[in-house]
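Single-structure report; data block below.
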């Protein structure tokens, strides 16, 4: 099987996440150089930073440049997607005014054909590292 080892209790069709790694797989991956480092797990809800999912439809030739611009503007994560919307940016804003300024900037970007934003109500699970403890 190619990819991470699966624990005996994880079905083969389950999403691959930390729970899918067996006891020594993480250490093997660290030794092989597959683990690039570690980052702090920030509780954005506690900081009162609202999570906003921004879906964008961008001309195919502009996807990489727009993704780089989103990252440079502070997006937490940027994903290239299949389907109508071809970029998804996870952004965090301390207030509605910051979110509106960000979205207004996207509305005036000629490379962005369409953009929609959804505010997350609450974080259910994100970067759950408890399985590593």
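Numbering (full-length UniProt numbering), first residue to last: 1 to 133.
Don't be surprised by glycine CBs; every beta carbon is placed ideally from N, CA and C.
Check whether residue i and residue j have beta carbons under 8 Å apart
i, j, result
"residue 66", "residue 53", "no"
"residue 90", "residue 51", "yes"
"residue 61", "residue 122", "no"
"residue 101", "residue 58", "no"
"residue 97", "residue 106", "no"
"residue 182", "residue 99", "Here the chain covers residues 1 to 133 and nothing more, so residue 182 does not appear."
Rounded Cβ spacing between residue i and residue j (contact assumed at less than 8 Å)
i, j, result
"residue 119", "residue 86", "About 21 Å separates the two Cβ atoms, so there is no contact after all."
Closest Cα partner of residue i within the set the options
i, options, result
"residue 74", "84, 61, 103 and 60", "103"
"residue 88", "69, 96 and 95", "69"
"residue 38", "116, 26, 49 and 47", "26"
"residue 95", "84, 36 and 47", "47"
"residue 124", "111, 80 and 43", "43"
(message) Give the list of continuous beta strand (DSSP E) stretches no shorter than 3 residues that lie fully inside the segment 75-104.
(response) Taken in chain order, the complete beta strand (DSSP E) segments of 3 or more residues contained in the segment 75-104 are 77-80 and 87-93.
(request) Mind listing, in chain order, the continuous beta strand (DSSP E) runs of no fewer than 3 residues lying wholly within the segment 20-72? (result) Under the rule that a run must span 3 or more residues, the beta strand (DSSP E) segments found entirely inside the segment 20-72 read 50-58.
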